[in-house]
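Encoded as structure tokens, the structure appears first; notes follow it.
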Amino acid sequence: MYFGILIALVPLCLGYLIKLKDKKWIAKINQSLSWMVYFILFIMGASLAHLDNLIANLQNIIFYTCIIFVCSFGCNFIFLVLVDLFLPWRLTHTSQTYESRFKMILESLRVCIALILGFLAGLLPLFIWQYTENISEVVLVFLLLLIGIQLRSNNISIKQILLNKVGIATTILVVITTFLGGLIAALILALPIRVGLAMSSGFGWYSLSGILMTEAQGPIIGSATFLNDILRELFAIILIPTLIKRYKLTALGLCGATSMDFTLPMLQKGAGVSIVPAAIVQGFLLTLLMPILMTLFNYGML
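Residue numbers (the working numbering): 34 to 335.
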């Protein structure tokens, strides 16, 4: 748990100490962030190809994944959209607009293609795949370092990051609605309620949630939890370009814990740098809560 938090916060804080004034360098950082998103998705696909027991238990895994994802992500989506409709969030900073519907669709297709290519490449017997987790961590460190530089260069203050009411509010809403989805999924799958709640409490942190659930509930539940959190991140990235203009809270909330790292460049691209503090607060809080809640649910402490 502490390693996951440190790997996110340390490079972000170090990057925040660096302030750039040259617009050319800032533009290069923005471009680098976009390419890093695709590279991380490629690595995600390769990791998926090496999931334990994927072939032998594929039917059960897919069924469990579909139910938990539709219930948890669906509840998030419904309630976040309702909040967006009645309490719209208006940002003052300018954003980098998506020039056309075709480009928005192309953006989503690129995300899918990167994941599929990673999966296909992961099927090849290459020695490098044993280092995918390490590669992801290294890329993540650089990504967060650049985001920290971006924050400082755009004059986002520490107070904005740590005392962001929107980030706290979306965190609470995401947790409550995700648990509602987990409860519904448990009833559909005839699982103990605490198992359904544990499966739903990954909040997109797939690299840890799958491991924790596999150890506690076995490979089928663990694999389904892993895929559910990958789908959350993937669908969030796909939906961000479409939702971000009108439904900013929805776009942010659907990202879950990934709003602090992997999906942050997409959020910033669509809504401007002013969404970043709320995204970091939400990501930080969900990253902190995820292993605690999942452990408590798995071992009947809640």
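Where a beta carbon is used, it is the ideal one built from N, C-alpha and C, also for glycine.
Residue i, DSSP secondary structure in three states
i	result
residue 324	helix
residue 68	helix
residue 280	coil
residue 123	coil
residue 63	helix
residue 298	helix
residue 252	helix
residue 262	helix
residue 234	coil
residue 44	helix
residue 225	coil
residue 289	helix
residue 131	Here residue 131 scores only 46 on pLDDT, less than 50, and its place in the model is too uncertain to base an answer on.
residue 239	helix
residue 332	coil
residue 55	coil
beta-carbon residue i near the ligand HEM non-hydrogen atom, thresh 8 angstroms
i	result
residue 121	Of the ligands one can find in the structure shown there are none, so the ligand HEM has no counterpart to examine.
Assumed close pair residue i, residue j - CB separation to whole angstroms, cut-off 8 angstroms
i	j	result
residue 267	residue 148	6 angstroms
residue 211	residue 236	7 angstroms
residue 243	residue 251	Their Cβ separation, rounded to whole angstroms, is 12 angstroms, which puts residue 243 and residue 251 out of contact at 8 angstroms.
residue 97	residue 222	6 angstroms
residue 207	residue 107	Actually they are not in contact, since the Cβ atoms of residue 207 and residue 107 sit about 13 angstroms apart, beyond 8 angstroms.
residue 215	residue 46	At roughly 33 angstroms, the Cβ-Cβ gap does not stay under 8 angstroms, so residue 215 and residue 46 are not in contact.
residue 53	residue 186	5 angstroms
residue 280	residue 117	4 angstroms
residue 88	residue 257	Not really, about 15 angstroms apart at Cβ, beyond 8 angstroms.
residue 204	residue 120	Not confirmed; about 16 angstroms, so no contact.
Inter-residue Cα distance where the pair is residue i and residue j
i	j	result
residue 293	residue 115	24 angstroms
residue 113	residue 220	23 angstroms
residue 308	residue 315	11 angstroms
residue 71	residue 289	19 angstroms
residue 311	residue 78	28 angstroms
residue 272	residue 284	7 angstroms
residue 224	residue 157	36 angstroms
residue 151	residue 218	29 angstroms
residue 282	residue 320	18 angstroms
residue 122	residue 263	27 angstroms
residue 137	residue 230	Bear in mind that the predicted position of residue 137 carries a pLDDT of just 49, short of 50, making it unreliable; the figure below should be weighed with that in mind. Near 34 angstroms, if we compare the C-alpha coordinates of residue 230 and residue 137.
residue 305	residue 76	27 angstroms
residue 270	residue 67	12 angstroms
residue 134	residue 329	Because the pLDDT of residue 134 is 48, which lies under 50, any placement of that residue in the model is unreliable, and the number read from its coordinates should be weighed accordingly. Roughly 44 angstroms separates the two Cα atoms.
residue 153	residue 81	10 angstroms
residue 161	residue 265	26 angstroms
residue 173	residue 58	20 angstroms
residue 313	residue 201	10 angstroms
residue 247	residue 198	35 angstroms
Identity of the residue in the options nearest residue i by Cα
i	options	result
residue 63	260, 302, 45	302
residue 227	45, 249, 57	249
residue 43	58, 111, 175, 286	175
residue 234	326, 46, 74	326
residue 73	119, 168, 161	168
residue 51	241, 178, 123, 258	178
residue 298	261, 181, 213, 238	181
residue 323	173, 81, 245	245
residue 83	159, 146, 173, 196	159
residue 111	88, 164, 276	276
residue 93	260, 118, 306, 305	260
residue 295	247, 59, 171	171
residue 61	241, 213, 183	183
residue 274	143, 48, 69, 49	143
residue 213	109, 69, 65	109
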